[in-house]
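In terms of the numbering used here, the sequence shown is residues 3 to 182. Following: one structure in structure tokens, then a few remarks.
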Amino acid sequence: ADFLASQKPKGKPSLQEKAEKLVEEFSSPLVGTCREKAPTTDRCTATTVLLTGATGFVGSNLLEQLLQLSSVKVVCLIRGDPLPRLRKVFSQHALDDTILDRKLHSGSLQIVQTTDLSHEYLGCTPDAYSSLTASVDYVVHCAWRMDFNFPVDGFRGDLTTVRSIAQLCTSCEKPATLFF
3 ADFLASQKPK GKPSLQEKAE KLVEEFSSPL VGTCREKAPT TDRCTATTVL
53 LTGATGFVGS NLLEQLLQLS SVKVVCLIRG DPLPRLRKVF SQHALDDTIL
103 DRKLHSGSLQ IVQTTDLSHE YLGCTPDAYS SLTASVDYVV HCAWRMDFNF
153 PVDGFRGDLT TVRSIAQLCT SCEKPATLFF
């Protein structure tokens, strides 16, 4: 370890130092209070799942599965023109894209346009974000850069997003559970 530390260029932080800096930056306590999740007593009430990464391979397959559950409402945060992007990815992965229109029409699928999940309010409008904090029970975060050659500090946006989603979970009226 001492040999490796002595081999780094003077003035440039090592990979270890960069990683430690990110850990320190993203380890500060979240704002707000974490509350105990109240036990669900009414099984007729729909569960609301916030899904990120719905236009990726894992996210789109998970979305199709969630939409088949009658007791689940899914809210997807999607950049750009959301519905055409979802239709395209469903077609590319041979998923049932007819379920999208049926669930949008029934209210079991809500698509929220976002700019960038690492931005304030997860890139949504303040009103859309407020609606999320009022309704979300679970967050399934599938949006993550899949590039193992990317430099460690290049994941800052992804880490900011995870922290923002965790903050959303602590801000929800019914404390939301995050799956990542």
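C-beta: ideal position from N, C-alpha, C; glycine also.
Self-check item: At least 3 beta-carbon pairs within less than 8 angstroms: the segment 161–173 vs the segment 118–131
Solution: A contact exists between the segment 161–173 and the segment 118–131.
Practice problem: Evaluate A96 with the Cβ neighbour count: other Cβ atoms within 10 Å of its Cβ, from every protein chain shown; 16 or more gives buried, anything less gives exposed. | Solution: To locate residue 96, count along the sequence shown from 1; it is residue 94. A96 comes out exposed.
Practice problem: Measure the alpha-carbon distance for S187 versus D99 and round it to whole angstroms. | Solution: The structure shown does not extend to residue 187, since the chain is modelled only from 3 to 182, so the question has no answer here.
Self-check item: Burial state of D139, where buried means 16 or more other Cβ atoms lie within 10 Å
Solution: The count along the sequence shown starts at 1 and reaches residue 139 at position 137. That one is buried.
Quiz item: To the nearest angstrom, how far is it from the Cα of S30 to the Cα of K23?
Solution: As a working note, residue 30 is residue 28 in the sequence shown. As a working note, residue 23 is residue 21 in the sequence shown. If you draw a straight line from the Cα of S30 to the Cα of K23, it is about 12 angstroms long.
Quiz item: If we call anything under 8 angstroms between Cβ atoms a contact, is H143 one with T50?
Solution: Position 141 of the sequence shown, counting from 1, holds the residue named residue 143. Position 48 of the sequence shown, counting from 1, holds the residue named residue 50. Result no, Cβ atoms of H143 and T50 do not sit closer than 8 angstroms.
Quiz item: Using CA coordinates, which residue listed in T57, L65 and V74 is at the minimum distance from S205?
Solution: For the chain, the structure presents residues 3 to 182; residue 205 sits outside this window and is missing.
Quiz prompt | Spatially closest choice to R104 from L17, V154 and S72, by CA coordinates | solution = Position 102 of the sequence shown, counting from 1, holds the residue named residue 104. It is S72.
Quiz prompt | Buried/exposed call for L17, threshold 16 Cβ in 10 Å | solution = To locate residue 17, count along the sequence shown from 1; it is residue 15. Taking all protein chains in view, the Cβ of L17 is surrounded by fewer than 16 other Cβ atoms within 10 Å, so the residue is classified as exposed.
Quiz item: From G159, K14, K20 and L52, pick the residue whose C-alpha is nearest to that of F181; which is it?
Solution: Along the sequence shown, read from residue 1 onward, the residue named residue 181 stands at position 179. Nearest of G159, K14, K20 and L52 to F181, Cα basis: L52.
Exercise. Pull up the distance between the alpha-carbon of W146 and that of S166, whole angstroms please.
Key: In the sequence shown, the residue the question calls residue 146 occupies position 144. In the sequence shown, the residue the question calls residue 166 occupies position 164. Spanning the two alpha carbons is a distance of roughly 14 angstroms.
Quiz item: Exposed or buried, which one is S62 when buried takes at least 16 other CB atoms within 10 Å?
Solution: As a working mapping, residue 62 is identified with position 60 in the sequence shown. Buried, by the Cβ-count rule.
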